[in-house]
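Residue 38 in our numbering sits at position 38 of the sequence shown, with consecutive numbering throughout. Positions of the beta carbon are idealized from the N, C-alpha and C atoms, including for glycine. Okay, so here's the structure we're looking at.
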Amino acid sequence: MAHYFSEQPGTPSRPGVVDLVLPDLHLRLETDRGVFSPERIDLGTRVLLETVPPPPREGDLLDLGCGYGPIALTMASRAPEATVWAVDVNRRSVELTERNARAAGLYKVRAMHADEVPDDVTFDAIWSNPAIRIGKPALHEMLTRWLTRLAPGGVAYLVVQKHLGSDSLQRWLGEQGWQASREASRAAYRILRVER
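Structure, rendered in structure tokens:
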């Protein structure tokens, strides 16, 4: 079975469209099978976008696990001077994010495979609805890889469902030396704030 965290989804394409409606923006986004939550904006993503403070106005921002782009495009809309790096391992997701950013006129979104981000880029903010279902070892490896690239003073916001391990993830982050606190809780989702 193909998963949304597969590099090349084996699921046949079936394009669709979803609307992201927030108090400050409305985006129509192309979706497709084989990517995360193709039929609607995932509730965790919505909770993140409606809860976290605005991103830094400029600098480099990261959407880790971009899917078809709702988080990256929201960051870019709210911080038009910033460069938003939208990364995923799923090639179909990266292509959709790129198309959605162009359609929205958000030209400072850089959609790419996770392995293509230059090593010297650090991030002033990271927003993510991380792929919890990849399993703890892979999740921990992914978070370690990207959280270490937070710039001094940078903050990451992660949305994680309570019953999928948000509390144990918060504990693990603390054990790794990160300052991890619960920023908010809504509809069984936790927003974790992570700093150096």
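Query: Are the CB atoms of D115 and V84 nearer to each other than 9 Å?; Result: no
Query: Is the stretch 165-177 in contact with the stretch 25-39, if contact means three or more CB pairs nearer than 8 Å?; Result: no
Query: By the DSSP assignment, the beta strand (DSSP E) with H26 in it spans what residues?; Result: L25 to T31
Query: How many angstroms separate the CA atom of M75 from the CA atom of Q161?; Result: 21 Å
Query: Could you give the C-beta distance for E58 and E81, rounded to a whole number, given that I count them as a contact under 8 Å?; Result: 4 Å
Query: Using the rule of at least 16 other Cβ atoms within 10 Å of the residue's Cβ for burial, across every protein chain shown, is R78 buried or exposed?; Result: buried
Query: Are the CB atoms of V18 and I191 within a distance shorter than 9 Å?; Result: no
Query: Does the stretch 142-152 touch the stretch 115-130, meaning 3 or more C-beta pairs lie closer than 8 Å?; Result: yes
Query: Using the beta-carbon count (16 or more within 10 Å), is V194 buried or exposed?; Result: buried
Query: What's the C-alpha gap between M1 and R133?; Result: In this prediction, M1 has a pLDDT of 37, which is less than 50 and means its spatial position is unreliable; what the coordinates show is noted afterwards. So the alpha carbons of these two residues sit roughly 14 Å apart.
Query: Expressed to the nearest angstrom, what Euclidean distance is found between the alpha-carbon atoms of D60 and P12?; Result: 34 Å
Query: Do you know how far the Cα of L22 is from the Cα of Y189?; Result: 18 Å
Query: Quick one: residues in its chain with C-beta nearer than 6 Å to the C-beta of R186, no 5 flanking neighbours on either side, listed in chain order?; Result: V47
Query: Can you give me the Cβ contacts of L25 inside the same chain, cut-off strictly under 6 Å, excluding the 5 residues immediately before and after it?; Result: S77
Query: Grab the span of the beta strand (DSSP E) containing Q176 for me, first residue to last.; Result: Element bounds for Q176: n/a, residue is neither H nor E.
Query: At which residue ranges does the stretch 111-151 contain complete beta strand (DSSP E) runs of 3 or more residues, listed in the order of the chain?; Result: 123-128
Query: Using alpha carbons as the reference points, say which of S93, V109 and L150 lies closest to V121.; Result: L150
Query: Would you mind giving the Cβ-Cβ distance between L147 and A156, rounded to the nearest angstrom? I have them listed as a contact below 8 Å.; Result: 6 Å
Query: Since T94 and V117 should fall inside the 8 Å C-beta cutoff, what is the C-beta to C-beta distance between them, to a whole number of angstroms?; Result: According to the sequence displayed, residue 94 carries Val and not Thr. In fact, because the Cβ distance is near 11 Å, the residues do not count as touching under 8 Å.
Query: Where does D124 land, buried or exposed, given buried means 16+ other C-beta within 10 angstroms?; Result: buried
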